[in-house]
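The next block holds one structure in the form of structure tokens; read it before the comments.
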Amino acid sequence: MLVWSVVGGRPVAEVTRQQVVLFLIGAGEHPRLAGVDLSGLDLSGLDLSGAYMRGANLAGANLTRAYMRGANLVAVCLAEATLTFADLQNTNLDGADLSLADLQRANLRYARLAGCNLTGANLNHVNLCGVVLGGADLHELDLSGANLEEANLDGANLRGVNLTGANLRGASLRGAKLRSATLNNADLSGADLQQANLIGASLRGVILHEAHLEEAYLDGAELGDASLGSAHLEGATMPNGRPYSGARSS
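Count along the sequence shown starting at 1, add 52, and that's the number in the working numbering.
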């Protein structure tokens, strides 16, 4: 197994795309690039699947259409990186810095991004089905129309986020911070929103069939035309500021 730490017995001072390509050719299935500074490099289209890149610096790198399935990108810096059309399915990005990164049309199905910083990132048309975003910072992002079916967003910071028309069927948002978020016409069927903060959120036309909202905070939320069919609201604080009382919604 090749490890990118030395070349010819000497530490790598500056890395070029050609060096990375040559390294990957001889590295086998799990190339090790942990802690390497690849910032600003053009790595577009490269096959980095299964790579171990924990703690690497990829700030400002161009990873357009890069194939990175199953890679270990824990605590990697991808601030301002370009990841358009990149394949990151099943990738581990826990604790990564993706602030201001461009992820348009990237594939993040079943990826792990727990505790990830996504401040200012572009996630338009990203596939986030089954993604783990527990504790991640996504505040004020535009996720309108996003596919977050069965995603884990427990405790995530979603303050002011735009989730208009998003698919959140079966998603887990326990304790998520959704204050002033926009979820108009989103589908939250079967979603778990227990203890979520939805104060001042816009939920017009939202589908909450069989959703769990026990002990959720809905103070000042807008629920016009919302479908609450069989939603669980026990212990929730309703838009009028009062505790939920009455039969289960139908």
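Cβ coordinates follow ideal geometry from the N, Cα and C atoms, glycine included. These numbers were taken from a predicted model, which means no experiment stands behind them.
Let's see if you can read the secondary structure: which residues bound the alpha helix (DSSP H) around residue i?
i: residue 70; result: 69 to 79
With a threshold of 16 other CB atoms inside 10 Å of the CB of residue i, please say whether the residue is buried or exposed.
i: residue 73; result: exposed
i: residue 246; result: buried
i: residue 53; result: Its pLDDT being 39, under 50, residue 53 is placed unreliably by the model, and nothing is read from it.
i: residue 206; result: buried
i: residue 167; result: buried
i: residue 75; result: buried
i: residue 147; result: buried
i: residue 241; result: buried
i: residue 337; result: The question about residue 337 has no answer, for the chain in this structure spans 53 to 302.
i: residue 292; result: exposed
i: residue 276; result: exposed
i: residue 286; result: exposed
i: residue 83; result: buried
i: residue 294; result: exposed
i: residue 77; result: exposed
i: residue 254; result: buried
i: residue 281; result: exposed
i: residue 59; result: Note that residue 59 scores a pLDDT of 39, beneath 50, so its modelled location is shaky; the value from the coordinates is reported in the next line. Exposed, because fewer than 16 other Cβ atoms sit within 10 Å of the Cβ of residue 59.
Are residue i and residue j closer than 8 Å when you measure CB to CB?
i: residue 80; j: residue 113; result: no
i: residue 153; j: residue 125; result: no
i: residue 243; j: residue 263; result: yes
i: residue 218; j: residue 238; result: yes
i: residue 151; j: residue 123; result: no
i: residue 121; j: residue 139; result: yes
i: residue 118; j: residue 102; result: no
i: residue 89; j: residue 109; result: yes
i: residue 106; j: residue 86; result: yes
i: residue 216; j: residue 199; result: no
i: residue 201; j: residue 221; result: yes
i: residue 252; j: residue 272; result: yes
i: residue 180; j: residue 203; result: yes
i: residue 144; j: residue 162; result: no
i: residue 209; j: residue 190; result: yes
i: residue 306; j: residue 250; result: Residue 306 cannot be examined here, being either before or after the span of the chain that is shown, 53 to 302.
i: residue 158; j: residue 178; result: yes
i: residue 256; j: residue 229; result: no
Under the criterion of a Cβ to heavy atom distance below 7 Å, does residue i qualify as lining the ligand MG?
i: residue 87; result: Absence of the ligand MG is noted for the structure shown, with no ligands found whatsoever.
| If you scan the stretch 159 to 202 from start to end, which runs of the alpha helix (DSSP H) of 4 or more residues do you find wholly inside it? | none
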